[in-house]
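Listed in order, the protein sequences are those of chains A and B. For the record, in the first sequence the residue sitting at position 62 is 61 according to numbering that gives the first Met the number 0, with numbers rising by one throughout. For the record, in the second sequence the residue sitting at position 361 is 360 according to numbering that gives the first Met the number 0, with numbers rising by one throughout.
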Amino acid sequence: MLSERVRHNKIIFSGTVGAGKSTAINALSDILPVSTEALATDEIAGMKKTTTVAMDYGVLNLPGGEKVMLYGTPGQERFSFMWEILSNGGIGLILLINNAQPEPLTDLENYLGAFSNFIAGTAVTIGVTHMDRAPAPGLDAYRARLAELGHTPTPAVFRVDARSRDDVAMLVKALLFTLNPGLSDA
Amino acid sequence: MSRPSPVLAPAPTAVFLLHIGSMDNRLIGLSIERHWKQSIRLAQSLDEADVVLVDHDRPGVDEALNQLARHPGIGVVGYAFRPESLQTRFPHHLTVSKPLNLDALPGVLNRAALLGRPLQPVALTNMAIQESSEPRPWVSDEEPDLCGSLDDIPPSPGAPLPAKLFFEPTQYLIGHLAQALDEAIKTGRPHVVSGLPRLIGVPPLPQPVCVTSFRDTQLRPFSMAQLPDATARVVNALTFSGPGSTDTLHTAEDFLWNIAAWAARGRLPAGVDPYRPVRLRAWPNFTRTWAAPHALRIVALWTREWASPVEIARRLEIPQRYVFSAYTSAHFAGLFQPEPLAAISPPAQPANDVAPLIPPQRPSILSRILRKLLNAV
Ligand SMILES: Nc1nc2c(ncn2[C@@H]2O[C@H](COP(=O)(O)OP(=O)(O)OP(=O)(O)O)[C@@H](O)[C@H]2O)c(=O)[nH]1
Ligand SMILES: [Mg+2]
């Protein structure tokens, strides 16, 4: 595991198609524009009008001129070869799962599997999105699946609306405290 | 928005990656290899390039661009967070915005290479920032502490505990609510807390929820006050008809977390041993629950290990009342791990043998990010 100092300043956003990765990065980022989208094609066209076909970038400007990059992975499997490269050296993973998809708990399992090496050395927090439209499965079902998969202590799982900056910021704060509960919040 | 159509060249266009970071280099290299072999190849030097791709946001870009003076025939595609700012400086470059739209990039590179004359800058597409969703129900701007002012109790058991450390849940809304939830789950039937100005319904299925037309601002004072005897009653709601138009629906876990925090105000439910180790089985849903000061740190540590409330406060070097509030909320929200069997008692942390989690001297990158989020949100 890399020490904090040599890690690149970047936080990775990943998750299923339409879960809200681009939206979440937009909500948190200090720069505009941060996302480029193309018309969705093929199998996802029925679901969503646009989709990210490359990585999303966002930036958090810290006092003193330092920057934290927010990187979003493309939702489409076709670009999954990027996931590992993008996350290499990152601080941690924010995983967004679209609860309105048919098998969100399977999606959770697949994404955790894909990022297992990265998570083992860092941390993950999970935002379940679209719960306003699809309330089930609930957070307890996610926690149970996480426990089954051996993720102890159970990572933070929040109900998240990716359009809300407060919700997205809460995911990042939980990620930071998961990495180090000793951080001062005063 | 239309889909850019790639312009097919007879031979693959040779692109030289000029002044591009190592990660972008790899991603673009892999994309060429996997998806665009027919139309694009990587040039090893400027001499063999038809077009260069240059990252305008990296320091030193001007020196890099100076190399192009000796290669006037090469097309240039620049990319940047703010491509519009490049239009005046580099009127002859084709500019696109970050992030690179990889599906569109081959088309852009081919255009820059083939046209062989100055191009007007274009940004591919920009997405406007989304409207934020409705405000969070529980959070207000004035951030009252609501954890009281109790002094710490001694770090190890022995001395008698002050009575004001405890509250009797049955004298508060939280006690009635917990009873309603309990009975609803046991019987599988909705129950209602009545006797207050508005009802709180607790249907147990498919997932336990609390339904009420109480607004947050009204609920808080009712949760904090001791209710006179026989004010609130829990009744089996044969006729409970589900949420009406003025009702708000909360998951029972979130709702009880909040109501309990407001009753607790830094205290513990009567009968709890503040020296007994416990452990959280999960984080509460902090995007919808009220987070008292230090609540996130407390939860982060308490999901990791068995520790008593007093021990958690010591490890985090915070007043115990914040941990007692979190304990009370977690208890009523059902977030503690089930008791281990007596035979395998939890691995107690002997007091004082584990060092407090002291923040590093120089603020780490984690704490600097945290500062930013705490100050901005
Ligand atoms: N109703 C609802 N809409 C949401 C929620 N979260 C995000 N959205 C919307 O969902 C849509 C998809 O969000 P995107 O940010 O494009 O999703 P993405 O994860 O980047 O998708 P890909 O790039 O295609 O993988 C947008 O219109 C968002 O505004 C939510 O919790 N509820
Ligand atoms: Mg996207």
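No residue lacks a Cβ here, since even glycine has one placed at the ideal position from N, Cα and C.
At a threshold of 6 angstroms, residue 36 of chain B does not count as near ligand 2, since its beta carbon sits no closer than that to any of the ligand's heavy atoms. Straight-line spacing of the CA atoms in residue 140 of chain A and residue 27 of chain A works out to 28 angstroms.
Using a CB distance cut-off of 7 angstroms, residue 157 of chain A counts as an interface residue toward chain B.
Beta-bridge pairing by DSSP links residue 13 of chain A to A:94.
Put simply, of B:236, B:321, B:106 the residue whose alpha carbon is nearest the alpha carbon of residue 210 of chain B is B:236.
Bounds of the beta strand (DSSP E) holding residue 78 of chain B are 74-79.
A heavy atom of ligand 1 is found nearer than 6 angstroms to the CB of residue 20 of chain A.
For residue 12 of chain B, the beta-bridge partners assigned by DSSP are B:39. Looking at the DSSP output, residue 235 of chain B shares a beta bridge with B:190.
In the DSSP assignment, residue 55 of chain A falls within the beta strand (DSSP E) that extends over 55-60. Taken through DSSP and simplified to helix, strand or coil, residue 70 of chain A comes out as strand.
Within a 10 Å sphere around the beta-carbon of residue 138 of chain A sit 16 or more other beta-carbons, which makes this residue buried. Taken atom to atom, the span from the alpha-carbon of residue 47 of chain B to that of residue 113 of chain B is near 15 angstroms. Non-local beta-carbon contacts of residue 156 of chain B in its own chain, meaning distances under 7 angstroms to residues more than five positions away in sequence, involve 274 in chain order. As DSSP reads the structure, residue 126 of chain A sits in a beta bridge with A:95, A:157. Residue pairing from DSSP places residue 277 of chain B in a beta bridge opposite B:306. Sequence-distant Cβ neighbours of residue 306 of chain B in its own chain, meaning closer than 8 angstroms and more than five residues away, are 276, 277, 278, 300, 314, 348.
The beta strand (DSSP E) runs lying completely inside the stretch 204-264 of chain B and spanning 3 residues or more are 208-211, 232-235, 247-250, given in chain order. A contact between stretches requires three or more CB pairs, one per stretch, nearer than 8 angstroms, and the stretch 57-76 of chain B meets this requirement with the stretch 10-18 of chain B. By the rule that beta-carbons nearer than 7 angstroms mark a contact, residue 168 of chain A touches chain B. Interface annotation, residue 284 of chain B: in contact with chain A, CB-CB separation under 7 angstroms. Counting of Cβ neighbours within 10 angstroms places residue 200 of chain B among the buried residues, the total reaching 16 or more. About 6 angstroms separates the Cβ atoms of residue 159 of chain A and residue 127 of chain A, confirming a contact at the 8 angstroms cut-off. Boundaries of the beta strand (DSSP E) around residue 54 of chain B: 50-54.
For residue 137 of chain A, the distance from the CB to the nearest heavy atom of ligand 1 is not below 6 angstroms.
The DSSP-derived three-state label of residue 327 of chain B is helix. A straight-line Cα-Cα distance of about 52 angstroms links residue 230 of chain B and residue 363 of chain B. Under the Cβ criterion of 7 angstroms, residue 26 of chain B is counted among the residues facing chain A. Interface flag for residue 371 of chain B against chain A is set, since a Cβ pair is found closer than 7 angstroms.
Our two residues, residue 184 of chain A and residue 83 of chain B, have alpha carbons roughly 39 angstroms apart in a direct line.
At least 7 angstroms separates the beta-carbon of residue 269 of chain B from that of residue 182 of chain B. Residue environment: residue 91 of chain A is assigned as buried (16 or more neighbouring CB atoms within 10 Å of its CB, all protein chains considered). In this structure, residue 288 of chain B has its beta carbon at no less than 6 angstroms from each heavy atom of ligand 1.
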